[in-house]
Amino acid sequence: MPATVIDGKKIAEGIRTELKGKVDSYRSKGIIPGLVAVLVGENPASRIYVNMKAKACQKLGIHSEVIKFPEDPSQSELIDKVEELNHRGDIHGILVQFPLPKGLDEFEVNLKIDPAKDVDGFHPENIGRMLIGKPTFLPATPLGIIELLNRSGNPPEGKHVVILGRGNIVGRPLAVMLAQKQKGANATVTLCHTGTQDLSSFTKIADILICAMGVPEMIGGDMIKPGAVLVDVGTNRVPDPGSEKGYRLTGDVDFDSIYPVAGAVTPVPGGVGPMTIAMLLSNTVKAVEIQVG
Ligand code: GUN
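Residue 248 in the numbering used here is what sits at position 230 of the sequence shown, and the numbering runs on without skipping anything.
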C-alpha cells in the first residue's frame, strides 16, 4: 500500500482555529497581540517566509509589523532595534529571520531579545529551559513536527526516531524535545549529521525519519524501512527552466521513490512549513499570556 500523505496545511488550519478563540478573547479585552519580524538583506526565501508569517498573523487578528534592513546594517544597529522592540508594550513577540547576512552575529542577536518575547525560542535562556524540560518557548519547526506526528496519528512515543541534520533551528532542538519523558514525545532518538558514517544503516532502522539536511531528494525508497513515517523538512530550490519562476521547491526526500515504500510522508510544500507558522502564532499567543496574564 502506498504512503499516506500527511496534510500539514489542514492540521495547521485546525491549530489556527484553536488559537483564534484566544486571540478574539484578548481583543475583546482591548489587548491586541503584536508580533514584529525583522528581515535583514535580500535573501528571497527569507522574504517569502517573513511575508507568510505576517499574513498568517493578520488573518488571525494578531498585529504584525515587518522591519526591513538593507544587506549591511551594523551589528549595533540591529541590536538597537531589538532593544527598542523589547521595550514596546504593544509588541509581545519578536523574531529576527535567519540566516543573517555574513558579518552579523546571530548568537549576539538572540542574546539581546527579551526571553519573554522570544517567540522563536532561540534565546539561550529558552534553550536551557527546553533542555531541562521546563520550557517557555519551544522553537516553531521542531514543535510543529511533534504536533504533526501526534495529530496525524503517528505519535513518536516508544518509536525509534532518526533525525538527519543537527542544525540549531531544527535537528538539535528536535532531538532534545523528542527525547523528553512526556506524553507526545518519549522517543528513542538517533541524531545523524555530516560526520555520520554509513547513513543508510541508520535510516533503514528508523520508525520515523526526519529529514532536515537541506540536500534535495537525497532520501530514496532503498534507504528506508517499509512502513516508516517520513517527515520532510527540506525546502530546496532546484532549477526548473520549464517553470514560470525558473525553479521548483523540493524536499530532502525523493517523494516518488519513497511513496510506494513508506507508511506516511509529509509533502513539500504543504507539510512542515504550515506547521512552523502555526506554532509561531501559538508562541505569540503564549507571549501575550506571559506578559499580560
Ligand atoms: N530561518 C529558518 N527557520 C527559521 C525560524 O523558525 N525562525 C527564524 N527566525 N529564522 C528561521
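Glycine is no exception: its CB is placed at the ideal position from the N, C-alpha and C atoms.
Shorter than 7 Å, the distance from the beta carbon of residue i to the closest heavy atom of the ligand GUN, or not?
| i | result |
| --- | --- |
| residue 113 | yes |
| residue 138 | yes |
| residue 158 | yes |
| residue 214 | no |
| residue 294 | yes |
| residue 228 | no |
| residue 187 | yes |
| residue 116 | yes |
Residue i and residue j look like a contact to me (Cβ under 8 Å); what is the Cβ gap, rounded to whole Å?
| i | j | result |
| --- | --- | --- |
| residue 27 | residue 288 | 5 Å |
| residue 178 | residue 223 | 6 Å |
| residue 105 | residue 306 | That belief does not hold up - the Cβ atoms of residue 105 and residue 306 are roughly 17 Å apart, past 8 Å. |
| residue 235 | residue 268 | 6 Å |
| residue 231 | residue 274 | About 19 Å separates the two Cβ atoms, so there is no contact after all. |
| residue 20 | residue 278 | 5 Å |
| residue 193 | residue 182 | No, residue 193 and residue 182 are not in contact; Cβ-Cβ is about 11 Å, not under 8 Å. |
Residue i by DSSP, collapsed to three states: which one?
| i | result |
| --- | --- |
| residue 86 | strand |
| residue 282 | strand |
| residue 239 | helix |
| residue 54 | strand |
| residue 106 | coil |
| residue 233 | coil |
| residue 66 | helix |
| residue 111 | strand |
| residue 251 | coil |
| residue 44 | helix |
Complete runs of the beta strand (DSSP E) confined to the segment 155–218 [at least 3 residues] | List check, beta strand (DSSP E) in window: 178–182, 206–210.
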